[in-house]
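Participant: Below you'll find the structure I mean.
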Amino acid sequence: VQPTSGSARLAGYDVATQPLLARSVSSVVFQDAVVDGALSGHANLELHARLWGVPTPQGNRRIAELVNAVGLAELIERPVSSYSGGQRRRLEIARALVSAPRVLFLDEPTVGLDPRIRHELLDVIVGLRNREDMTILVTTHYLDEAQRLCDRVAIIHQGEIVALDSPQALLAGLGHEILEFRVDGSAEAAVRVLRERGVAREDAFAVGARVTVPLHEHVATEALAVIESERLRVSEIATRVPTLDDVYLELTGARIDAAA
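Converting from the sequence shown to the working numbering requires adding 34 to each position, the first position being numbered 1.
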C-alpha cells in the first residue's frame with residue numbers, strides 16, 4: 035500500500051523505502067490470535083523465535099524471561115487450546131516480544147476480556163513497558179487504558195488527529211470538574227432543557243441515563259434550579275474530576291463507542 039502523503043519511520047527506518055528494516059525492529063499484537071492452538075505455549079514461542087531467526091540459546095533465554103514476565107510459567111507446556119482468552123492474549127504479547135523489538139504495536143489488546151482479566155493484562159503491559167527498552171503504540175477505545183498506559187495520547191476523530199499531548203495536559207486543558215447526574219427518563223431531553231435555559235452549552239452530553247455538564251462558574255446552582263423547576267427526576271448527582279472520556283466528548287461531540 036503506497037501512502038497518499040506524508041512519511042513514517044520506525045526506529046529511524048522509513049516504512050515506505052526501507053520496509054524490511056522497519057519490520058525487523060517492530061512487532062504487532064493483533065486483535066485476532068495468530069498462535070497455534072494445537073501447540074503448547076512454549077512450542078509457539080519457539081516457533082516464532084525460529085521464524086525471526088533468533089539463535090537457539092538466546093531464544094531460550096528470551097522465552098524463559100517472557101514467560102515469567104507475562105505470568106504464564108504454570109501453563110506454558112499446555113496446549114494453547116486450553117488457555118482462556120486472557121491467557122492467550124498474554125501469550126500473544128510474549129510471542130510479539132520474542133524478537134526483542136524496538137517498537138511494539140498493540141491493537142485493542144483488552145477487547146473482549148472481562149474487567150478483572152482486563153486489569154490483570156494492563157498490569158502485564160505496564161510491567162513490560164517498565165522493563166523493556168522499546169516504544170509501545172496502543173490503539174484502544176478504552177480511554178481509561180490510554181490514561182493509565184500512555185505518555186502521549188492522540189485522539190482521532192473521523193480520520194483526523196484532533197489532539198496530541200500527554201494525558202495530564204489533555205485533562206488540564208478542560209480546566210473544570212464535571213457535574214454528573216442520573217435522570218429517570220430521557221437524558222437527551224434533560225440536556226436539551228439545560229441548553230435551552232442557557233445553563234449548558236454544547237459541551238453538555240447525555241451518556242446513557244447520565245447527564246454530564248462541565249462545572250463552569252455558577253453552573254451547579256443554575257443546573258439544580260432548572261432540575262427543580264422542570265421537575266426532572268434525578269436519582270443520583272455528584273461532581274467528579276474529568277477523564278479522557280470527557281476530553282474526547284468535548285473535542286468531538288461524540289461518544290467513544292459511537293465513533294468506533
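For glycine and all other residues, C-beta sits at the position ideal for the given N, C-alpha and C.
(1) Taking T273 as the reference, give the member of H191, G209, A50, P248 with the closest Cα.
(2) Between N78 and R129, how many whole angstroms is the CB-CB distance? I'm expecting something under 8 angstroms.
(3) Considering Cα atoms alone, identify which of F239, A243, A240, G232 is closest to V253.
(4) Report yes or no: do three or more beta-carbon pairs, one from the segment 213–231 and one from the segment 261–277, lie closer than 8 angstroms?
(5) Using a threshold of 8 angstroms, state whether the C-beta atoms of N222 and G287 are closer than that.
(6) S60 bridges to which residues according to DSSP?
(7) Counting beta carbon pairs with one atom in the segment 80–99 and one in the segment 132–141, are three or more of them shorter than 8 angstroms?
(8) Could you tell me the alpha carbon to alpha carbon distance between H191 and V268, rounded to whole angstroms?
(9) Apart from the five residues just before and just after L260, which ones in its own chain have a Cβ nearer than 7 angstroms to its Cβ?
(10) Measuring straight from C-alpha to C-alpha, what distance separates G119 and H175?
(11) Quick check: the segment 139–158 against the segment 191–202, are there 3 or more CB pairs under 8 angstroms?
(12) Please classify P37: is it buried, with 16 or more other beta-carbons within 10 angstroms of its beta-carbon, or exposed?
(13) Using a 10 Å radius around the Cβ and a threshold of 16 neighbouring Cβ atoms, would you call A56 buried or exposed?
(14) Using only CA atoms, which one of L147, H153, A72 lies nearest to V114?
(15) Tell me which residues share the same chain as A257 and place their Cβ nearer than 7 angstroms to its Cβ, disregarding the 5 neighbours each side in the sequence.
(16) Would E80 and I97 qualify as a contact pair, given that the criterion is a beta-carbon distance under 8 angstroms?
Facilitator: Put simply:
(1) P248
(2) 6 angstroms
(3) G232
(4) Under the 8 angstroms Cβ criterion, the segment 213–231 counts as touching the segment 261–277, having at least three qualifying pairs.
(5) Going by the sequence as given, residue 222 is Glu instead of Asn. Not in contact: E222 and G287 (Cβ atoms no closer than 8 angstroms).
(6) V137
(7) Enough Cβ pairs lie closer than 8 angstroms, so yes.
(8) 32 angstroms
(9) The residue you asked about is not Leu; residue 260 is Val in the sequence shown. The residues are V227, L228, R231, V233.
(10) 19 angstroms
(11) no
(12) exposed
(13) buried
(14) Taking V114 as reference, the option from L147, H153, A72 with the minimal CA-CA separation is A72.
(15) L213, L228, V233, V247
(16) yes
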